[in-house]
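Read top to bottom, the protein sequences are chains X and P. 0 is the number of the first residue of the first sequence in numbering that gives the first Met the number 0; add one for each residue after it. 0 is the number of the first residue of the second sequence in numbering that gives the first Met the number 0; add one for each residue after it.
There are 2 protein chains.
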Amino acid sequence: MRLSDSIESFIKAMLNDESDEVELKRNELAEYFQCAPSQINYVLATRFSPDHGYLTESRRGGGGYIRIVRVVESGSQRLMYLINERIGDSLSEEECVRLISQLKEQQIITADEATLMAASVSTRAMGIPIPDALKNSLRARMMKSMLMSIAARNRT
Amino acid sequence: MRLSDSIESFIKAMLNDESDEVELKRNELAEYFQCAPSQINYVLATRFSPDHGYLTESRRGGGGYIRIVRVVESGSQRLMYLINERIGDSLSEEECVRLISQLKEQQIITADEATLMAASVSTRAMGIPIPDALKNSLRARMMKSMLMSIAARNRT
DNA sequence: ACTCTGTTGGTCAAAGATAGTCAGAGTTGT
DNA sequence: ACAACTCTGACTATCTTTGACCAACAGAGT
C-alpha cells in the first residue's frame with residue numbers, strides 16, 4: 000500500500016468519525032507516518048483538492064494547523080455539476096450572469112448573493128489590463144471558488 | 000491554544016460585559032498571562048487594529064493605560080469609508096479577509112456573504128498567471144464593486 | 001519653573017514554531 | 001523504455017513570543 004493512500008485513508012477515517020470537518024497538525028501527521036512533512040501537502044493536493052470535493056485552509060506559525068472540509072456528497076447535485084462539468088476553464092461575463100440568475104431562480108442562492116456574485120465578475124471589477132481570455136479564465140475560477148463555498152455551507 | 004488568542008478573547012469578553020470601551024494596564028495583563036509585555040502590543044496590532052474595527056489610545060508613565068474602543072458605525076458609513084478611503088488601488092488577500100470578517104462582525108453582511116466574498120478574492124480563485132501586483136489591484140476593484148452592490152441594496 | 005527619577009507603554013529585531021513550494025530523485029504501471 | 005505517480009529535502013513564507021532598548025509622563029525635590 001502506498002504511503003499517500005494510507006494517509007488519505009487515515010484522513011478520511013477521521014472525517015467519517017467526527018464530522019465533515021477535521022483539523023490536523025502537518026508535522027504530527029508526518030511524524031506519525033514517518034515521512035517528510037511535504038508529503039502531507041502532496042496528499043492534500045492530489046486527493047483533497049477542490050476538484051475532489053474538499054476545501055482546505057491552514058495557518059502557519061505557532062499553533063498552526065490544517066483544516067479539511069468535505070463538500071462532496073453534501074453539496075447539491077446542481078452545484079457539483081456546475082463546478083465539475085459545466086464550468087470549464089473560461090466563462091464570459093454574459094455566461095456568468097446567466098448562470099448566476101439560474102441559480103437564483105432555482106433558489107440555490109439568494110437575490111443578494113446573486114448581486115454580489117455578479118458584481119465580482121463584472122466588467123467594472125475586472126478593469127485591469129490583461130487579455131480578455133485571461134479575464135474569462137479568471138471568471139471561471141472565481142465562479143468555481145464561490146460555488147464551492149456555497150456547496151460547503153449547504154452541507155448538512 | 001495560542002496565547003494571542005487567549006488574550007484576544009479575554010479583551011473581547013471585557014468589551015462585551017462592559018461597553019464599547021475598555022481600559023487596561025499593559026503590565027498587569029502581561030503578568031496575568033505570564034508573558035512579555037510586548038506580547039500585548041502584538042495582540043493589539045494583529046487583532047484590534049482599525050481594520051478589525053477598533054481604535055486604541057494609550058499613555059505611558061505613572062497611571063499609564065491602554066484604552067481600546069470598538070468603533071460603532073452605521074453600515075453605510077462603513078461601506079462608504081471602505082470604498083472611498085480605505086480600499087485604494089491595491090488590496091492583498093489578507094487585507095480582504097480582514098475587512099470582510101469585520102463587516103460580518105458588524106453585521107453589515109451575513110456570514111454567507113462573507114464566505115462568498117472571501118472565496119472570490121481567494122488565492123485559489125486568482126490562480127491565473129499574472130503578477131501579484133495586478134492580482135491585488137484586481138482584488139481592490141472586486142471589493143469595491145461588491146461593496147457598492149451591497150451599499151445599493153442597503154439604501155432603503 | 002527645572003530637573004531627576006521611577007513608572008509605564010512603544011518599537012524592533014531575533015528566535016521559535018509551523019506550514020507551503022518546487023525541483024529532482026525514486027517507483028510503478030503499461 | 002516511457003510516462004505518470006510518489007516522496008524527499010532544501011528553501012521560503014508566515015505567525016507567535018520574547019527581550020533589549022527607547023520614549024513619555026507624573027510627582028518629588030530644588
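Idealized CB from N, CA, C, for every residue including glycine. Quick caveat: nothing in here was measured; it's all calculated off a predicted structure.
Terminal residues of the beta strand (DSSP E) in which serine 57 of chain P lies | 53-58
How many angstroms separate the CA atom of aspartate 111 of chain X from the CA atom of leucine 98 of chain P?
-> 19 angstroms
Compile a chain-ordered list of the residues in the region 108-124 of chain P whose CB is closer than 9 angstroms to at least one CB of chain X.
-> Ile108, Thr109, Ala110, Asp111, Glu112, Thr114, Leu115, Met116, Ala117, Ala118, Ser119, Val120, Ser121, Arg123 and Ala124
Distance between glutamate 93 of chain P and aspartate 50 of chain P (C-alpha atoms, nearest Å) = 11 angstroms
Are the C-beta of methionine 129 of chain P and some C-beta of chain X separated by less than 7 angstroms?
-> Per the sequence shown, residue 129 of chain P should be read as isoleucine rather than methionine. At least one chain X Cβ lies under 7 angstroms of isoleucine 129 of chain P.
Can you have a look at glutamine 101 of chain P and say buried or exposed, based on whether 16 or more other CB atoms are within 10 angstroms of its CB?
-> buried
Spatial distance of leucine 133 of chain P from isoleucine 129 of chain X (CA atoms) | 9 angstroms
Cross-chain neighbours of arginine 66 of chain X in chain P, by beta carbon under 7 angstroms | Correct list: empty, because the minimum Cβ distance to chain P is about 14 angstroms.
Since methionine 79 of chain P meets chain X, which of its residues come closer than 8 angstroms, beta carbon to beta carbon?
-> Under the 8 angstroms cutoff, chain X gives no residues; its nearest Cβ is about 16 angstroms from methionine 79 of chain P.
Where isoleucine 86 of chain P and arginine 154 of chain P are concerned, what is the direct C-alpha to C-alpha distance, given to the nearest angstrom?
-> 21 angstroms
To the nearest angstrom, report how far apart methionine 125 of chain P and aspartate 19 of chain P are at their CA atoms.
-> 37 angstroms
Would serine 8 of chain X count as contacting chain P if we go by Cβ distances under 7 angstroms?
-> no
Check whether serine 136 of chain X and aspartate 88 of chain X have beta carbons under 7 angstroms apart = yes
Buried or exposed: valine 120 of chain P, going by 16 or more other Cβ atoms within 10 Å of its Cβ?
-> buried
If you count every other CB in all the chains shown that lies within 10 Å of the CB of tyrosine 53 of chain X, and 16 or more means buried, which is it?
-> buried
So which residues on chain P does leucine 137 of chain X lean against when the C-beta distance must stay under 9 angstroms?
-> Ala124, Met125, Gly126, Ile127, Ile129 and Leu137
Determine the chain P residues that contact serine 57 of chain X at a beta-carbon separation under 7 angstroms, and present them in chain order.
-> What serine 57 of chain X touches in chain P: nothing, since even the nearest Cβ is about 12 angstroms away.
Whole angstroms is fine: what's the gap from isoleucine 10 of chain P's alpha carbon to aspartate 16 of chain P's?
-> 10 angstroms
CA-to-CA distance, isoleucine 149 of chain X to leucine 14 of chain X, given in whole angstroms = 20 angstroms
Would you kindly work out how many angstroms separate the C-alpha atoms of methionine 116 of chain X and arginine 25 of chain X, rounded to a whole number?
-> 34 angstroms
Per DSSP, what kind of secondary structure is glutamate 92 of chain X in: helix, strand or coil?
-> helix
Chain P beta carbons: is any one of them nearer than 7 angstroms to that of methionine 0 of chain X?
-> no
Taking Cβ-Cβ distances shorter than 8 angstroms, what residues in chain X pair up with leucine 228 of chain P?
-> Residue 228 of chain P lies beyond the stretch modelled for chain P, which goes from 0 to 155, so this question has no answer here.
With C-beta atoms as the reference, is cysteine 78 of chain X less than 7 angstroms away from leucine 146 of chain X?
-> A quick correction: the sequence has leucine, not cysteine, at residue 78 of chain X. Contact: yes.
Closer than 9 angstroms at the beta carbon, the chain P residues around glycine 62 of chain X = Met0, Arg1, Leu2, Ser3 and Asp4
May I have the straight-line CA-CA distance separating glutamine 106 of chain X from serine 8 of chain X, to the nearest angstrom?
-> 36 angstroms
Cα-Cα separation between glutamine 76 of chain X and asparagine 83 of chain X, rounded to whole angstroms | 10 angstroms
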